[in-house]
Every structure is written in structure tokens, then in C-alpha cells.
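Residue numbers (this note's numbering): 3 to 60.
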């Protein structure tokens, strides 16, 4: 699989885990999406990207 950023595999891993948690009822949809956003934001900032976050979903 080709990714447009080097962090692509890590991003996909976060997405898969959190979406699965939402699907099996371990997390609410909003909680899963908020967790994904926070983890991907941290990942991208750590890689040197200038990113900002929108407010969490309620």
C-alpha cells in the first residue's frame, strides 16, 4: 500500500483500532473519533507537521 506521508502506516493503525473499538461498543463513536484525532495530532506534531485541532465532538 502506498501512503502520501511517511506516517501513513501509523495513522492507519490508529484508525483501525479506534474504529473497531467503536464498532464493538467499547467506545462511543464520539469518544473513538476524539481519541483518533488526539492520537493522530500528537503523531503528526511529533513528526514536525504544523497542525491544530478542532474542539472535541460531544
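Beta carbons are placed, not taken as given, at the ideal position from N, Cα and C, and that holds for glycine. Treat the numbers as computed from the prediction; the structure is a model and nothing was measured.
Judged by DSSP secondary structure, residue 42 falls within the alpha helix (DSSP H) whose first and last residues are 31–48. Judged by DSSP in its simplified three-state form, residue 14 adopts helix. Taking C-beta separations shorter than 7 Å and ignoring five residues to either side along the sequence, the partners of residue 11 in its chain run 5, following chain order. The segment 14–22 makes no contact with the segment 47–59: fewer than 3 CB pairs, one atom from each, lie closer than 8 Å.
Counting other Cβ atoms within 10 Å of its Cβ, residue 32 stays below 16 and is therefore classed as exposed.
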